Amino acid sequence: MPKVFWPIFQHNRHLVHDLPVVGASAIEFWAKQRYGAAIFLMIVQQTYGGFLNFYPHLHTLVSAGGFRASNIGWIPDLDFSREESRYELMLAWRFALIAYLEAAVTAKVLRSALKASELMQILEIESRRSWNIFVSRKVPKRIVINHIGRYIRKPPIAQHRLTRVNEREVQYLAKDTRHRCLTPVTYTNKEFLALLTPHVVDRYCNSMRYFGLLAPRSKRLLPVVFDLLNQKQKSNPSRLSYAESMMRTFGENPFIGRDGSVLQRIGWIEPTSVT
-10 MPKVFWPIFQ
0 HNRHLVHDLP
10 VVGASAIEFW
20 AKQRYGAAIF
30 LMIVQQTYGG
40 FLNFYPHLHT
50 LVSAGGFRAS
60 NIGWIPDLDF
70 SREESRYELM
80 LAWRFALIAY
90 LEAAVTAKVL
100 RSALKASELM
110 QILEIESRRS
120 WNIFVSRKVP
130 KRIVINHIGR
140 YIRKPPIAQH
150 RLTRVNEREV
160 QYLAKDTRHR
170 CLTPVTYTNK
180 EFLALLTPHV
190 VDRYCNSMRY
200 FGLLAPRSKR
210 LLPVVFDLLN
220 QKQKSNPSRL
230 SYAESMMRTF
240 GENPFIGRDG
250 SVLQRIGWIE
260 PTSVT
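The sequence shown begins at -10 in this note's numbering and counts up by one.
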């Protein structure tokens, strides 16, 4: 999205949570109109740039092919990389985001120091501009999983990039994407906390969202899709127990005592009142 929208979403955090839906609707609309196809679609949302600036964007993973429901078939290649396709995707994304923000202004749920007429003027200007669109090359599923897995639970900055932390200041290596290098920057602890806080994910908000054929409402179609692809659908892995999760994450079994004996539950203790 254009840079002018970044502060709008930063000051209206409740609108940020709808961005994956807006982005997914644009891509699904394009696939439906161009090919009459439903697609696999996963979106991971991020809000930070290399300098911890507030930069809302979506990491979007789309299947190379799509399911055609009209005559029950699988389209092997939707060809997202064509110049015409990129232009159409840009139009769909631009229209979806502008329409969403216009609705927010009209419903008076968008807070801003600007007047509603000024916000509408900004939307009008941006609706006439050509937005940048990037479609990466096709990659195997394993590479996708390894790449996107880093973003789901990843903090905005890796610990190894914190080069100095003391009672007064924090220095870290910022990622300068323009010059393709790491640049040391220093902030007071208060300034660093102010930079970091907006990127903490709100409670009950998922890092990854599923749309298209992966949406819950489309699960009944998955057996048909797997048959068309001559693939066997794998069952969901069993949920790890508390002890197994702790063992895998921290290498310690919480039900093994310090003397090596196995702890067993024998009951619970009545709470006592604090005086």
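Beta carbons are placed, not taken as given, at the ideal position from N, Cα and C, and that holds for glycine.
Note that this is a predicted model, so its numbers are computed, not measured.
Own chain partners of residue i with C-beta closer than 7 Å, once the 5 adjacent residues on each side are dropped
i	result
F181	V159
V(-7)	I111 and E115
Test item: CB-CB of residue i and residue j under 8 Å
i	j	result
F244	L252	yes
E107	I87	no
R169	Y161	no
V174	A163	yes
P144	L41	no
L50	I122	no
M79	I141	no
W120	P(-4)	no
Start-to-end residues for the alpha helix (DSSP H) that takes in residue i
i	result
H46	Taken as a continuous stretch (DSSP letters only), H46 belongs to no alpha helix (DSSP H), being part of the beta strand (DSSP E) at F43 to V51.
Q160	From DSSP, Q160 is part of no alpha helix (DSSP H) but of the beta strand (DSSP E) over E158 to D165.
L112	A105 to R117
R139	K130 to I141
Rounded separation between residue i and residue j - CA only
i	j	result
V11	Y89	8 Å
V5	N225	30 Å
G25	F69	14 Å
A81	A15	5 Å
A58	K208	14 Å
R75	N195	28 Å
A204	A102	37 Å
R290	T152	For the chain, the structure presents residues -10 to 264; residue 290 sits outside this window and is missing.
L171	G39	9 Å
S227	A105	51 Å
R118	A85	14 Å
V133	Q(-1)	29 Å
R83	E77	10 Å
H3	M235	34 Å
P260	R254	17 Å
Y266	T95	Only positions -10 to 264 of the chain appear in the structure, and residue 266 is not among them; the question remains open.
G256	R237	27 Å
E165	L30	Contrary to the premise, residue 165 reads as Asp rather than Glu in this sequence. Approximately 30 Å, taken between the alpha carbons.
S250	Y176	49 Å
V189	R206	29 Å
L217	E73	28 Å
Cβ shell of residue i (< 8 Å), same chain only, five flanking positions each side left out
i	result
F215	K221 and Q222
L47	L8, P9, G12, I32, V33, Q34 and Q35
A232	N242, P243 and F244
V213	F56 and I61
Residue of the options minimising C-alpha distance to residue i
i	options	result
L67	Q148, V133 and Q22	Q22
K179	V190, E77, E156 and Y193	E156
Q110	E91, L99, R126 and T166	E91
P62	Y37, I28 and G246	First, the amino acid is wrong: residue 62 is Gly here, not Pro. Minimum Cα distance to G62 is reached at I28.
D191	T261, K97, T36 and T152	T36
G201	A13, P(-4), P(-9) and K(-8)	A13
S125	F43, F56, S52 and T166	S52
N219	I(-3), W(-5) and P65	P65
L185	H3, E17, Y44 and F18	Y44
F18	V98, P(-9), L99 and G55	G55
R100	N1, E72, S230 and L229	N1
R71	N135, K127 and A93	K127
Start and end residues, beta strand (DSSP E) containing residue i
i	result
Y193	Note, Y193: premise wrong, no beta strand (DSSP E); not H, not E.
V154	L151 to V154
G(-4)	The identity of residue -4 in the sequence shown is Pro, whereas the question assumes Gly. Segment W(-5) to Q(-1) is the alpha helix (DSSP H) holding P(-4); no beta strand (DSSP E) there.
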